[in-house]
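Trainee:
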């Protein structure tokens, strides 16, 4: 049997003589040598103590080792494999002190030896030597296991007392340099880096010790690469000026999808081993276990990258490195993406620690290509110079008319406006004065305002104190092992405490502005508040990394080019040239902000809301003048409300706080900066990541949080494929706007006078009369009480709806009042189908009548010979009174009622109010005011007008279906063919429905008899319009029922059966009239159903302009994870891997595909109008321009529609779907199974393009009423 005592002595000799752990030289310095070879001799349990030497003095070595020999020693001595000890056998440790030839040994069981006592035993001896010989000692102790220790004394001489109460060997390393003890001034930041470095080493050693003792599981075992990394870390002295961790010599960089093969249908599936192939997998969200594994791997990588980014930005580089090590050794190395290591390399390079960076590969710069690669846009590539060349300054550049719509500002004006916008985005919010009418503030109101301001000051201090408290608590928790996992702590260092306080006070303001009958779900509030923090962090990040300064420098040059107006480039090309010219100085403009994972966003929001709920107090007697006793209670409380049979937690302000806020009559409103228009031209979209606001984050595509697949497709696409979409957004965003002050004054007057339901000006909820109880409740029957309860619930819901609409109008009108004398711009983005929307939600041209009437073009142009004619025609079109009449009849009618038009303009609220009977009353009134100005102008042709003229598509969805199928009857009904008078598809459908109703009435169908005289155009219009966009029968039934409710004469008890009857008849009429559209729609539905069901993938396609589209409809989202731990979930839902929602996929594909086509048509029209120098704006299928340029826009609109549908759209779609989703013959087993049959059916359906008719698309060019 092996003698353990002799083994220990042999180890001691090896340590003291062979390994060279400590070497004493004449300079009395401590020399540290690598520990790399020691672990194999000491049972892989390295000596963690920094051993001490001083001159030629006696060397004292304190050694801790296990009596359990390593496998190498046992095999070397005994030649046999060591038996595994049973769990009930004790393990011992020996403590051996060596001094002047004497030794003192102590032995204790592993389970009872505490690390603190062990450290005291060792440090008592260090202190004794220091006191007895006055020798400076350098020491750094790293903890081993939490082991108990029996008291022991070193023999020989009395032990002098040593005061070690102020020594903290476990946390703070003591650093001495040279032969004598010296004090060194270290900044707190450097000291924290040193401490964090020691913490990293400590945890690595702890994990190794746990592994040696058998505590760690097999899958947690550290690999040999970590041994070398730790040896590198230990072999270097930690100096103040070099307090980072060592970066490993070699890193194995492999793809995250190592070992996977790409399938035909676009997914990546790993190669299965023999054990995995036979397993049966069943999941609600994933098709196979391999896809689930890939989903977890990908989401983990994105979560880790976001965590490393926040750690590096907030100065915790060592924490980022330690976290990488932790997960790298828990997981397989192949699961790590190269980007993870690049983040760390750049972090260390940024700190100037180039000794840690072995190799930085700088990617070669590739100048961008400026032109399009789409043949639909080949004419626009003319006059575009290569990126390295410039047009001669003295010559007028061909194609410079593209700058016409952006002219009107000097360089100084643009620079001043840009500076105001940057300052606004840095502040994070905009404060505007409310237009709500209040009486002059009384003494009581001023007192309430003062109390509210004092309360906010107190809350500001409370928030700061509570944040420090909770932050430090969280920091203490994360100092344990969770500090090496992905946790919430770094995200709370993203901003300063004052910034967090400001954001939380803004949230308080938002809650106080809420309704009494409505409150947001708490999880939604957490998410929105977390998003605000993330947005502010990204702005601060741009300030720190220099992107802010570089962006302002490029924008200054961009403003100069806009003011000169001599370039032939569009905004994207111009911006790319400027970035290219400044590429050699400053930071890269390709730096991308890393989005926070959903769990981090929710975690930050919840952290702040806990402060709001627990630490903000209100005096319940604040509004009680008779009782001045202070009694503090929480200012906000939570409640649970049922929504769709589920109780959801919500938050509400205390009634006293609400009363205090309302009595203070607040006269200002606050808006986040990314919710308001810009004061300067937006930054052009040059890539899918850069554009919109100058600093604030702008998303190119509006996607749900789990939708990543479309972003991946866009990232993988050729940059030139995205140019048409980006340029269309830039063109729409480049148009400057002003507020129509004349119409704004009228609307504000109506709004402050209580609103008007007929004019769509919201009424305040106080105008809703209360429910009267005619019978005392004690005398009511059970049915009457139930009926009263339902009436009250409806009344409460109605109040909530009214308040929501009233607030929307208040925000819109208040912002319009703020921007009244300012020029502003509206940055744009798209939804997943490619439809364009303004980013600011409150003040824009996209919306209902009240929203559209407020805005006019800043740039004014002379009306010219036909401008006044278009202005009058536009006014009549808005009224909806002459839909079936020709253009000449409409103009004649305008001249006949000119007196009414002028009366409306002069006395909008006191005259005849002819305008109020219009379909679009406020736009009609605005047009009347413009007509009055022109009418009274001595020379109307020279009158400069900025009023936009609209040209609206005639049921645009059916127009695209008719063009796709070349359906002649359908094309005629939606005005694709020339005609003397416009064809009204809605009236045609209503006539067919009425014909069928009359037949049923003769057959004594009761509901058909009741509907006599009530089948009107307006009743079925919305259903006809939305049928091509995928409305269900249930949705259509609700639409028709709503229209029947508006008819006072219709019997209310017949609303629901009548709406059901009309829904069936309307669908039948549409199928009869548009046979080709129905066939195409059915083919779309069959393709989507089979793709989502058989292939278990989302339906995707590419628009004619090159935009990749993916339908983001997947199984229901799951909860983010447990909120009881500071550790954040490492995984989240991603639509790239989850099973699709088959029902939504098949129902949504037809309307979504048509929406992508109408978006492509709009973008083509936009780009060609810009090149022609026109001012162009769109609201989906409604195009706006100046009165003098309407003919040019109409010509371009029709030409681009013909060009678009001259492409083999359905054939190209079929080829794409076959290539992506169809099965090869070797993937079909030919066994006659159901699976085989469905695969063959999928292949067959994808190739079955619907047949086309014989309609000649060229007729669209001559159709007056195609867009009118």
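Numbering (this note's numbering), first residue to last: -11 to 1256. Every residue gets a Cβ at the ideal spot worked out from N, C-alpha and C, and that includes glycine.
How about residue 807 and residue 830: do their beta carbons lie closer than 8 Å?
Mentor: Cβ distance not < 8 Å, so residue 807 and residue 830 don't count as in contact.
Trainee: For residue 938, list the residues DSSP reports as bridge partners.
Mentor: Looking at the DSSP assignment, residue 938 forms a beta bridge with 1172.
Trainee: Quick check: residue 1018 and residue 1138, are their CB atoms within less than 8 Å of each other?
Mentor: Going by C-beta atoms, residue 1018 is nearer than 8 Å to residue 1138.
Trainee: In the DSSP output, which residue or residues are listed as bridge partners for residue 678?
Mentor: Note: residue 678 sits in a beta bridge opposite 675.
Trainee: CA-CA distance, residue 838 and residue 858?
Mentor: Cα to Cα, the separation comes out at about 22 Å.
Trainee: Residue range of the alpha helix (DSSP H) that residue 947 falls in?
Mentor: Where residue 947 is concerned, the enclosing alpha helix (DSSP H) stretches over 944 to 953.
Trainee: So, at 7 Å on beta carbons, what are the nonlocal neighbours of residue 262 in its own chain, with the 5 sequence-adjacent residues on each side left out?
Mentor: Residue confidence is low: residue 262 scores 39 on pLDDT, short of 50, so the model does not pin down where it sits. No coordinate-derived value is stated.
Trainee: I want to check one thing, is the minimum distance from the CB of residue 1221 to the heavy atoms of the ligand MN below 7 Å?
Mentor: Judged by which ligands are present, the structure shown has none, so any question about the ligand MN falls away.
Trainee: Where residue 980 and residue 1006 are concerned, what is the direct C-alpha to C-alpha distance, given to the nearest angstrom?
Mentor: Rounded to the nearest angstrom, the two C-alpha atoms are 14 Å apart.
Trainee: What does the alpha-carbon distance come out to for the pair residue 1022 and residue 292?
Mentor: Spanning the two alpha carbons is a distance of roughly 45 Å.
Trainee: If residue 488 sits next to residue 596, beta carbons under 8 Å apart, how far is it from one beta carbon to the other, in whole angstroms?
Mentor: That pair is a contact at about 7 Å.
Trainee: On the DSSP bridge list, what partners appear for residue 819?
Mentor: In the DSSP output, where bridge partners are listed per residue, residue 819 has 690.
Trainee: Which partner residues does residue 638 have in the DSSP bridge list?
Mentor: 509, 627.
Trainee: Find the nearest neighbour of residue 699 within the set 1250, 1240, 1151, 1096, judged by alpha-carbon distance.
Mentor: Of the listed residues, the one whose Cα sits closest to residue 699 is 1096.
Trainee: According to DSSP, simplified to helix, strand and coil, what is residue 829?
Mentor: Coil, per DSSP.
Trainee: For residue 1098, report the span of its beta strand (DSSP E) as first-last.
Mentor: Start and end: 1096 to 1098.
Trainee: In whole angstroms, what separates the C-alpha of residue 622 from that of residue 603?
Mentor: Looking at the two C-alpha atoms, the distance is approximately 7 Å.
Trainee: If I measure Cβ to Cβ from residue 454 and keep anything under 7 Å in the same chain, skipping five residues before and after, which residues do I get?
Mentor: Result list for residue 454: 599, 603, in chain order.
Trainee: Comparing C-alpha positions only, which one of 571, 887, 626, 939 sits nearest to residue 1294?
Mentor: In the structure as shown, the chain starts at -11 and stops at 1256, and residue 1294 therefore has no counterpart that could be examined.
Trainee: What alpha helix (DSSP H) runs, 4 residues minimum, are completely inside the stretch 518 to 585?
Mentor: Counting only runs of 4 or more, we get 535 to 552, 559 to 569.
Trainee: Roughly how many whole angstroms lie between the Cα atoms of residue 640 and residue 647?
Mentor: Taking the straight line from one Cα to the other gives about 13 Å.
Trainee: Nearest-angstrom Cα distance between residue 547 and residue 680?
Mentor: Taking the straight line from one Cα to the other gives about 15 Å.
Trainee: Between which residues of its own chain and residue 1129 is the CB-CB distance below 7 Å, once the five residues before and five after are set aside?
Mentor: If we look at residue 1129 and ignore the five residues flanking it on each side, its Cβ neighbours are 1101, 1102, 1103.
Trainee: Just to confirm, is the Cβ distance from residue 1083 to residue 1209 under 8 Å?
Mentor: Yes, the pair counts as a contact, with Cβ atoms nearer than the cut-off.
Trainee: Using the C-alpha atoms, what's the distance from residue 1158 back to residue 1176?
Mentor: Taking the straight line joining both Cα atoms gives about 15 Å.
Trainee: From this set, 528, 416, 565, 306, which residue's C-alpha is nearest residue 376's C-alpha?
Mentor: With distances taken between Cα atoms, residue 376 lies closest to 565.
Trainee: Using the C-alpha atoms, what's the distance from residue 1248 back to residue 1053?
Mentor: Whole-angstrom Cα-Cα distance: 30 Å.
Trainee: Rounded to whole angstroms, what is the Cα-Cα separation between residue 1134 and residue 451?
Mentor: About 50 Å.
Trainee: Pull up the distance between the alpha-carbon of residue 624 and that of residue 644, whole angstroms please.
Mentor: About 10 Å.
Trainee: Closest to residue 1060 by CA distance: which of 976, 1001, 1080 is it?
Mentor: Of 976, 1001, 1080, the residue nearest in Cα terms is 976.
Trainee: From residue 591 to residue 436, what distance separates their C-alpha atoms?
Mentor: Rounded to the nearest angstrom, the two C-alpha atoms are 35 Å apart.
Trainee: Residue 390: buried (16+ other C-beta within 10 angstroms of its C-beta) or exposed?
Mentor: Buried.
Trainee: Assign residue 401 to one of three DSSP states: helix, strand, or coil.
Mentor: Three-state DSSP puts residue 401 in a helix.
Trainee: Under 8 Å: do the stretch 524 to 536 and the stretch 566 to 581 share three or more Cβ pairs, one atom per stretch?
Mentor: Cβ pair count under 8 Å is three or more, so yes.
Trainee: Is it the case that the Cβ atoms of residue 554 and residue 388 are separated by a distance below 8 Å?
Mentor: Yes, they are a contact pair.
Trainee: Taking contact to mean at least 3 C-beta pairs separated by less than 8 Å, is the stretch 887 to 902 in contact with the stretch 953 to 972?
Mentor: Short answer: they don't touch.
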